[in-house]
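Trainee: Sharing a structure with you now.
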Amino acid sequence: MSLPLPNMQLHDPSQPPPAPGMTPAVPVSRVNDLAPQRAQDQGVPEIQGRNAFNSERPLGVTPVPEGGVAIGGQPNLPEGHANMGDKIVGKAQKVVGKYTHNPELHEKGELRETGGKAAAEGRARAAHD
Numbered sequence: 723m724s725l726p727l728p729n730m731q732l733h734d735p736s737q738p739p740p741a742p743g744m745t746p747a748v749p750v751s752r753v754n755d756l757a758p759q760r761a762q763d764q765g766v767p768e769i770q771g772r773n774a775f776n777s778e779r780p781l782g783v784t785p786v787p788e789g790g791v792a793i794g795g796q797p798n799l800p801e802g803h804a805n806m807g808d809k810i811v812g813k814a815q816k817v818v819g820k821y822t823h824n825p826e827l828h829e830k831g832e833l834r835e836t837g838g839k840a841a842a843e844g845r846a847r848a849a850h851d
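Residue numbers (this note's numbering): 723 to 851.
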């Protein structure tokens, strides 16, 4: 036993939604007809821009196969864990690096804040960036 579709209507994205008490522009029965056509017209957008894999970063920080990032992209490093002191020092380094336009200090602060002192020194990997 199938239930009937609810009696509601949606508006076309190119039109504003109807005011309360007004009739919507596109009924629900037409939404399914419009959706596949729009998907084909728009196509799949290409992913562009800078990300961790295609951009140059200070200190040679790159993603590693185990997950996270490491200086020089060294594989097989343990995952570093930041304690409260590392998080405070890392945040301070990030802020100072940002305001003094020192990308190396900013990157080192990010590593220390997420992966602890060992990650900032290159002996461990940071969980994320």
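Note that the Cβ used here is the ideal one computed from N, Cα and C, for glycine as well. These numbers come from a predicted model, not from an experiment.
1. For my contact list, Pro695 and Pro787 are in at a C-beta cut-off of 8 Å; report their separation, rounded to the angstrom.
2. Could you check whether Arg847 and Leu781 sit closer than 9 Å to each other, using their CB atoms as the reference points?
3. Go through the stretch 808 to 838 residue by residue and report every complete run of the alpha helix (DSSP H) that reaches 4 residues or more, in order.
4. Any idea if Arg833 is buried or exposed, counting beta-carbon neighbours within 10 angstroms, 16 or more meaning buried?
5. Should Gly790 and Glu801 be called a contact, given that it needs their Cβ atoms to be closer than 9 Å?
6. First and last residue of the beta strand (DSSP E) that includes Val783?
7. Excluding the 5 residues flanking Gly831 on each side, which residues of the same chain have their C-beta closer than 6 Å to its C-beta?
8. What would DSSP say about Ala741, mapped onto helix, strand or coil?
9. Rounding to the nearest angstrom, what Cα-Cα distance links Ala828 and Gly795 in this structure?
10. Just to confirm my understanding: we take Ala840, look at its own chain, exclude 5 residues before and 5 after, and list those with CB closer than 7 Å. What are they?
11. Assuming the contact rule is C-beta atoms closer than 8 Å, Ala804 and Glu835 should be a hit. Round their C-beta distance to whole Å, please.
Mentor: Taking the definition as stated:
1. Since the first and last residues shown for the chain are 723 and 851, residue 695 lies out of range.
2. Locating residue 781 in the sequence shown gives position 59, where the first residue counts as 1. Locating residue 847 in the sequence shown gives position 125, where the first residue counts as 1. No; because the gap between Cβ atoms is not below 9 Å, this pair is not in contact.
3. none
4. Numbered from 1 along the sequence shown, position 111 holds the residue referred to as residue 833. It should be noted that the sequence gives Leu, not Arg, for residue 833. Buried is the call here.
5. As a first step, residue 790 must be located in the sequence shown, where it is residue number 68. As a first step, residue 801 must be located in the sequence shown, where it is residue number 79. Yes, the pair counts as a contact, with Cβ atoms nearer than the cut-off.
6. Residue mapping note: residue 783 aligns to position 61 of the sequence shown, counting from 1. Note, Val783: beta strand (DSSP E), 783 to 785.
7. Here residue 831 refers to the residue found at position 109 when the sequence shown is read from its first residue. In its chain, beyond the 5 residues on either side, Gly812, Gln815, Lys816, Gly819 have a beta carbon closer than 6 Å to the beta carbon of Gly831.
8. To locate residue 741, count along the sequence shown from 1; it is residue 19. In this structure, Ala741 counts as coil in the three-state DSSP scheme.
9. On the sequence shown, position 106 is the one that residue 828 refers to. On the sequence shown, position 73 is the one that residue 795 refers to. Checking the sequence, you will find His at residue 828 rather than Ala. In a straight line, the C-alpha of His828 is about 18 Å away from that of Gly795.
10. Reading the sequence shown from its first residue, position 118 is the one you call residue 840. These residues qualify, in order along the chain: Gly802, Ala846.
11. Here residue 804 refers to the residue found at position 82 when the sequence shown is read from its first residue. Here residue 835 refers to the residue found at position 113 when the sequence shown is read from its first residue. With a Cβ gap of about 6 Å, Ala804 and Glu835 count as contacting.
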